[in-house]
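Enquirer:
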């Protein structure tokens, strides 16, 4: 009898290990797809920038005095910095359904796995101030739940569950897009099933749906939200996102936009793979003043 119980426990242990391995594989595949989607979203803007720059150079060459000059932009691939190797903090706890709301005072333990999306954690549409403390300074975001209650609720809940603490910024697109909450380690992937934006950003004034300073949750190809958020630091990046405005706005940077730009300048690359490691050290949320 004892031997039978031991064999049964061994089979359960092996089955649990297989399930964990399968879950990590699926998480790794999701993370890879999201990275490709994020980088692909702004790849067109780099092409646009090249065309505009090259076109301006050709115009000057054809209308200016003197002999024509070769205006083809040159790229020294050997001089391009190598991406840095990234490491990550240990995974936090995993919450089974029903997932409770985090403590508003930030006292909840770190959680990086969710059986379902936390929801209904913001009592109303009152603004929330989120402070992202980075290794280069603070970035203060005024979250406006009225913009998209679902996305704002998710973002603030992840902040209060310390999902972002210690995670490096990546990808960082040198055209002006800073991405937070992108854990390359599949063990840190925050799996939130089928949480879709409730509204989509629009701009009827002829401007960009994603102006400089805008903060949005990044949507996957199927519209699902996870932990990724983006900060727009240039008009070029805003135009790229605005070409397909599926990423719900949650607010805007009210302080520290220069910090976000400095991170992009230091760590950004055309591929999005950061050339310098810069961590989001801690993130906190409190009622906006």
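In my numbering, the protein residues as written are 2 to 290.
Glycine residues also receive a C-beta, built at the ideal position from the N, C-alpha and C atoms.
Give a yes or no on whether the C-beta atoms belonging to residue 173 and residue 268 are separated by under 9 angstroms.
Expert: Counting from 1 along the chain shown, the entry for residue 173 is found at position 172. Counting from 1 along the chain shown, the entry for residue 268 is found at position 267. For residue 173 and residue 268, yes; Cβs fall inside 9 angstroms.
Enquirer: Can you tell me whether DSSP reads residue 292 as helix, strand or coil?
Expert: Residue 292 is absent from the model: the chain starts at 2 and stops at 290.
Enquirer: Unbroken beta strand (DSSP E) runs of length 3 or more, entirely within the region 94 to 134: which are they?
Expert: 94 to 96 and 112 to 115
Enquirer: Closer than 7 angstroms by C-beta to residue 239: which residues in its own chain qualify, once you throw out the five before and the five after it? Chain order, please.
Expert: Here residue 239 refers to the residue found at position 238 when the chain shown is read from its first residue. Answer for residue 239: 209, 211, 212, 213, 215 and 233, listed in chain order.
Enquirer: My assumption, with CB atoms under 8 angstroms, is that residue 88 sits in contact with residue 119. Please give the rounded CB distance.
Expert: Position 87 of the chain shown, counting from 1, holds the residue named residue 88. Position 118 of the chain shown, counting from 1, holds the residue named residue 119. Actually they do not touch by this definition, with Cβ atoms about 27 angstroms apart.
Enquirer: Thinking C-alpha only, which one of 134, 169, 259 and 254 is nearest residue 229?
Expert: The count along the chain shown starts at 1 and reaches residue 229 at position 228. The residue with the shortest Cα to Cα distance from residue 229 is 169.
Enquirer: Looking at the structure shown, is residue 228 part of a helix, part of a strand, or coil, going by DSSP?
Expert: Locating residue 228 in the chain shown gives position 227, counting from the first residue. It is a strand residue.
Enquirer: What's the C-alpha gap between residue 148 and residue 287?
Expert: Translated into positions along the chain shown, residue 148 becomes position 147. Translated into positions along the chain shown, residue 287 becomes position 286. When rounded, the distance between both Cα atoms is 18 angstroms.
Enquirer: For residue 181, does the three-state DSSP call read helix, strand or coil?
Expert: For the purposes of this step, residue 181 is taken as residue 180 along the chain shown, with counting starting at 1. Strand.
Enquirer: Give a yes or no on whether the C-beta atoms belonging to residue 231 and residue 281 are separated by under 9 angstroms.
Expert: As a working mapping, residue 231 is identified with position 230 in the chain shown. As a working mapping, residue 281 is identified with position 280 in the chain shown. In this structure, residue 281 does not lie closer than 9 angstroms to residue 231 by Cβ.
Enquirer: Using a threshold of 9 angstroms, state whether the C-beta atoms of residue 144 and residue 261 are closer than that.
Expert: Residue 144 sits at position 143 when you count from the first residue of the chain shown. Residue 261 sits at position 260 when you count from the first residue of the chain shown. No.
Enquirer: Considering Cα atoms alone, identify which of 202, 135 and 109 is closest to residue 152.
Expert: To locate residue 152, count along the chain shown from 1; it is residue 151. It is 202.
Enquirer: Roughly how many whole angstroms lie between the Cα atoms of residue 74 and residue 224?
Expert: Within the chain shown, numbered from 1, the residue matching residue 74 stands at position 73. Within the chain shown, numbered from 1, the residue matching residue 224 stands at position 223. Residue placement at residue 74 is flagged as unreliable, the pLDDT there being 38, under the threshold of 50; the coordinate-derived value follows with that caveat. Computed Cα separation, rounded: 37 angstroms.
Enquirer: I think residue 98 touches residue 117, with their Cβ atoms under 8 angstroms apart; what is that distance to the nearest whole Å?
Expert: Position 97 of the chain shown holds residue 98. Position 116 of the chain shown holds residue 117. Cβ atoms of residue 98 and residue 117 come within 8 angstroms of each other, at about 5 angstroms.
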